[in-house]
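Numbering (the working numbering), first residue to last: 653 to 936. From the three backbone atoms N, C-alpha and C, an ideal C-beta is built for every residue, glycine too. Every value quoted in this text rests on a predicted model; they were computed, and no experiment measured them.
Right, dumping it as structure tokens:
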């Protein structure tokens, strides 16, 4: 595609701007050096900045159709991975006639702190998505071993979706036509896997009765004996068992032990006159 002279000129201007802003950012944060620029060509002018950590910035003239200063303002936006599950609106605007060093200071102060936090979460979400995709691909490989007639396209296997057809179905030949499948199935239906490929659902039509009985029998958890290993676990410290202790009541003589029995004894004389209360055996 041939680029017009006007686009060439704008591309040169924005490439020079991006190079100077990247150099200024590296000077402002020497411990995080690594910013570089990438030339872009469009009708309104733009340039991209990239960092080895995965951070990306896009600088462009968003409102070039406006007149005056509004049409010359630059928009700077932080780019996060498409897998990010939150809301990301990390963007600022700066005057287009400001010096690259001033633009870099605005970016470092107003944009980068929040953008870096969001980008970190975005990278985590991207890694999770990629790991889940690999798990679904591996799961479909196992499913196709069990049912070779299960067909999946490049996108459907990543999304966790596959189809199978009764008999020998017509499948794509890779050249825009179709061919007769080498494998057949006893029913038609679909399989859909969960996000991480650990579970899934199946829909099947016109399944022969014997296969249906066998499938449902495999789902019957009540007929399957539990297997495994009993693992000991540490329990919380139990309270100490309460032992027997004699109970003394003022004015009484208490005797006996924890025998469950008790007896009363006759009143006994006390030296100097008087008597004491009968001796009772009281079970504690």
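{"Item": "Beta-carbon gap between residue 837 and residue 813 smaller than 8 Å", "Value": "no"}
{"Item": "Supposed close pair residue 815, residue 803 - CB separation, criterion 8 Å", "Value": "5 Å"}
{"Item": "For residue 813, the residue or residues it bridges with in DSSP", "Value": "844"}
{"Item": "Inter-stretch contact at 8 Å, needing at least 3 Cβ pairs: the segment 686-705 / the segment 783-795", "Value": "no"}
{"Item": "Local Cβ density within 10 Å of residue 798, reported as buried at 16 or more and exposed below that", "Value": "exposed"}
{"Item": "Nearest candidate by alpha-carbon position, reference residue 735, set 780, 658, 715 and 826", "Value": "780"}
{"Item": "Enclosing beta strand (DSSP E) for residue 711 [first to last residue]", "Value": "708-712"}
{"Item": "Among 795, 682, 819 and 842, nearest to residue 833 - alpha-carbon criterion", "Value": "819"}
{"Item": "Pair within 8 Å by beta-carbon distance, residue 763 and residue 777", "Value": "no"}
{"Item": "Any non-hydrogen atom of the ligand MN within 7 Å of residue 730 CB", "Value": "This structure lacks the ligand MN, and indeed carries no ligand of any kind."}
{"Item": "Nearest neighbour of residue 871, chosen from 858, 860 and 854 [CA to CA]", "Value": "854"}
{"Item": "Simplified DSSP assignment, three categories, for residue 699", "Value": "strand"}
{"Item": "N- and C-terminal bounds of the alpha helix (DSSP H) containing residue 778", "Value": "764-798"}
{"Item": "Residue-chain proximity (residue 763, chain B), Cβ-Cβ < 8 Å", "Value": "Of the protein chains in the structure, only one exists, and it is not chain B."}
{"Item": "Straight-line gap, residue 827 to residue 847 (C-alpha atoms, nearest Å)", "Value": "31 Å"}
{"Item": "Cβ separation of residue 710 and residue 729, assumed to be a contact under 8 Å, to the nearest whole Å", "Value": "5 Å"}
{"Item": "Nearest to residue 657 (by Cα), restricted to the options 696, 856 and 685", "Value": "696"}
{"Item": "Environment of residue 861 [buried if 16+ CB atoms lie within 10 Å]", "Value": "exposed"}
{"Item": "Buried versus exposed call for residue 698 [16 or more other C-beta atoms within 10 Å across all chains shown]", "Value": "buried"}
{"Item": "Buried versus exposed call for residue 914 [16 or more other C-beta atoms within 10 Å across all chains shown]", "Value": "Annotation note: pLDDT 47 at residue 914 (below 50); position unreliable, coordinate value reported separately. Burial call: exposed."}
{"Item": "Every unbroken alpha helix (DSSP H) within the segment 712-758, with a cutoff of 4 residues, ordered by chain", "Value": "721-724 and 752-758"}
{"Item": "Coarse secondary structure for residue 681, derived from DSSP in three states", "Value": "coil"}
{"Item": "Option in 774, 805 and 775 with minimal Cα separation from residue 789", "Value": "805"}
{"Item": "Assigned exposure category for residue 686 - 16 Cβ within 10 Å defines buried", "Value": "exposed"}
{"Item": "Beta-bridge pairing of residue 658 - partner residues as DSSP gives them", "Value": "Answer by DSSP bridge pairing: none, since residue 658 is not bridged."}
{"Item": "Endpoints, alpha helix (DSSP H) assigned at residue 869", "Value": "861-871"}
{"Item": "Element boundaries [beta strand (DSSP E), containing residue 832]", "Value": "830-837"}
{"Item": "Chain-order list of residues whose beta-carbon lies under 7 Å from that of residue 808 (same chain, five-residue window excluded)", "Value": "814"}
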